[in-house]
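S.K.: In this note's numbering, the protein residues as written are 281 to 780. Handing you a structure now.
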């Protein structure tokens, strides 16, 4: 649930960028590769003499990989073997190199080089750089960035970094040196996670009738592209398959907090169950409840709401909704609401933290973030996308959990192989429950449940039934086995059962 849109943070300068990977004219073994030659004719290139000439007064103090969050490989003189976040195969990445000039460094121009190997030969990038002090992301111009295209993030990926000085003596491979990482001239393996399937996202434009007017969301190609680019930036998915559904008409009156997203989600979950889309599909309704966001949300409003789908097999409840006005605010609302559909609760900033596993008490991202669209950096104090504060990015914890959901989605089979259930809609505000569509599901030991009372031949029986809350925790969907639905009496503490 989102109570306000989340704007993009203020732009910050990025570090220097370098050209795309280019193979050298000869295949290079990692053992011979530490630095890159200067520009010019590379015929007769001698890797042993060129790649071994390391700067004597500038050291490599850190190496990290960013796709959206920082994943340190080497920092503060220590190897990071247990990575804090998954690096996703097939998704573009940025390698960030931190440098530390010694006291006697004279300010001369150096070459910083990155080697990449995917098991089929080494390729290199290089850039010239003049360190102006210890690298820190508080001064983005002090780090060196290497852009790695998506097609290069794969295979048995390994890398190495070096700071080259053509006038320096050759350092033999195997001899540790502070101007290269790994220090001995070897390659550092980078484990990759794989989730190659595009995320299917069905956008449903809502034509909303209110006060004699009809309002429709922005579904222009430009706005759809903004949604896609925002989701690619903060989700570990390699691609989004976004399609537009036919328009739906809606005229339910506004409530005290604004548009009634909960009722719309209930309707759309039934629609999804009837349409037979793939189990991995997400349905997301776009709503413009007024002529502009300011007209709708002054002084405050609910900007969206979704089912909090903690069990990936509840495919027909993979449903959410949010405002669909022009601009980035609606894109960030979508990123937040889809986070709920991916099973993520609120992270705590500006809203009670209902995701008890979230590790950062302030609801912040906890590590440095980087926007792959423009190279802007976000400090660890930035709010996580599953909170209500701004500016916003994504935490490493959230990134990992979103990736785990992608892995779960890849394992889903056809709904026909599952058990029959009926959806019981529960509205705590109204004290009502109503029957919804039939769905298919098979619970596991980890499925969230609520107690239920059932009529039986020998009296009242009890059972635990699967439940999915909407993100306001005032509306829920309870899954009742199809053959038990006529016997359901009530859900103690929640609602009585309606007539089947």
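Ideal Cβ placement from N, Cα and C applies to all residues, glycine included. What you are looking at is a predicted structure, and each value in this text was computed from that prediction instead of being measured.
If you count every other CB in all the chains shown that lies within 10 Å of the CB of residue 546, and 16 or more means buried, which is it?
M.R.: buried
S.K.: Quick check on the DSSP output: the alpha helix (DSSP H) that includes residue 364 runs from which residue to which?
M.R.: Neither: residue 364 is in no alpha helix (DSSP H) and is coded neither H nor E.
S.K.: Helix, strand or coil for residue 657? Go by DSSP, reduced to three states.
M.R.: Residue state, collapsed to three classes: strand.
S.K.: Where does residue 776 fall in DSSP's three states?
M.R.: strand
S.K.: What number of angstroms, rounded off, separates the C-alpha of residue 705 from the C-alpha of residue 755?
M.R.: 7 Å
S.K.: Three-state secondary structure (DSSP) at residue 427?
M.R.: strand
S.K.: Taking the alpha-carbon of residue 587 as reference, which of 551, 757, 341, 333 has the nearest alpha-carbon?
M.R.: For the options 551, 757, 341, 333, the alpha carbon positioned closest to that of residue 587 is the one of 757.
S.K.: What separation, rounded to the nearest whole angstrom, lies between the Cα atoms of residue 447 and residue 391?
M.R.: C-alpha separation (whole angstroms): 12 Å.
S.K.: Between which two residues does the beta strand (DSSP E) holding residue 585 run?
M.R.: 584 to 586
S.K.: At the level of alpha carbons, what is the spacing between residue 662 and residue 598?
M.R.: Separation of residue 662 and residue 598 (C-alpha to C-alpha, rounded to the nearest whole angstrom) is 28 Å.
S.K.: In angstroms, rounded to a whole number, what distance separates the CA positions of residue 561 and residue 611?
M.R.: 19 Å
S.K.: If residue 686 and residue 516 are in contact, beta carbons under 8 Å, what's the gap, nearest whole angstrom?
M.R.: 6 Å
S.K.: Quick one: is residue 569 buried, meaning 16 or more other Cβ sit within 10 Å of its Cβ, or exposed?
M.R.: buried
S.K.: Let me know the secondary structure DSSP gives residue 619 once reduced to three states.
M.R.: helix
S.K.: Would you tell me roughly how many angstroms separate the C-alpha atoms of residue 475 and residue 449, rounded to the nearest one?
M.R.: 45 Å
S.K.: Give me the DSSP bridge partner(s) of residue 540.
M.R.: DSSP output for residue 540 lists no bridge partner at all.
S.K.: Tell me the residue span of the beta strand (DSSP E) that contains residue 819.
M.R.: Here the chain has residues from 281 to 780 only, and residue 819 is not among them.
S.K.: What number of angstroms, rounded off, separates the C-alpha of residue 512 from the C-alpha of residue 585?
M.R.: 21 Å
S.K.: Using only the alpha-carbon positions, how far apart do residue 621 and residue 749 sit?
M.R.: 11 Å
S.K.: So the candidates are 628, 366, 462; which of them puts its Cα closest to the Cα of residue 441?
M.R.: Out of 628, 366, 462, 462 has the C-alpha closest to the C-alpha of residue 441.
S.K.: What are the boundary residues of the beta strand (DSSP E) that residue 498 is part of?
M.R.: Careful: residue 498 lies outside any beta strand (DSSP E) and carries neither H nor E.
S.K.: Would DSSP call residue 799 helix, strand or coil?
M.R.: Lying outside 281 to 780, the shown extent of the chain, residue 799 is not represented and no answer is given.
S.K.: In the DSSP assignment, find the alpha helix (DSSP H) that holds residue 563 and state where it starts and stops.
M.R.: Premise fails: residue 563 lies in the beta strand (DSSP E), 562 to 567, not in any alpha helix (DSSP H).
S.K.: Grab me the residues of residue 594's own chain with a C-beta within less than 7 Å of its C-beta, minus the 5 sequence neighbours each way, in chain order.
M.R.: 721, 748
S.K.: Does chain D have any CB closer than 8 Å to the CB of residue 559?
M.R.: No chain D appears in this structure, which consists of one protein chain only.
S.K.: By DSSP's criteria, residue 407 is part of a beta bridge. Which residues make up the other side?
M.R.: Per DSSP, 392.
S.K.: By the DSSP assignment, the alpha helix (DSSP H) with residue 678 in it spans what residues?
M.R.: 676 to 690
S.K.: Taking Cβ to Cβ, would you say residue 521 is nearer than 8 Å to residue 478?
M.R.: yes
S.K.: Count the other C-beta atoms from every protein chain shown that fall within 10 angstroms of the C-beta of residue 524, then say buried if there are 16 or more, exposed otherwise.
M.R.: So residue 524 counts as exposed.
S.K.: Within 10 Å of its beta-carbon, does residue 291 have 16 or more other beta-carbons around it, so buried, or fewer, so exposed?
M.R.: A caution first: residue 291 carries a pLDDT of 27, below 50, which makes its placement in the model too unreliable to give a value.
S.K.: Going by DSSP, what residues sit across from residue 350 in a beta bridge?
M.R.: 346
S.K.: Check whether the stretch 622 to 629 and the stretch 647 to 659 are in contact - that is, three or more C-beta pairs closer than 8 Å.
M.R.: no
S.K.: Within the chosen definition, does the stretch 373 to 385 reach the stretch 412 to 427 through at least 3 CB pairs nearer than 8 Å?
M.R.: Taking 8 Å as the limit for Cβ pairs, the verdict is that the stretch 412 to 427 does touch the stretch 373 to 385.
S.K.: Report all residues from its chain with a CB closer than 6 Å to the CB of residue 699; omit the five preceding and five following residues, and keep chain order.
M.R.: Taken in chain order, the residues that qualify are 722.
S.K.: Within 10 Å of its beta-carbon, does residue 410 have 16 or more other beta-carbons around it, so buried, or fewer, so exposed?
M.R.: exposed
S.K.: Mind reading off the beta-carbon distance from residue 683 to residue 482? Whole number of angstroms is fine, and I expect it under 8 Å.
M.R.: Wrong, their Cβ atoms sit about 22 Å apart, outside the cutoff.
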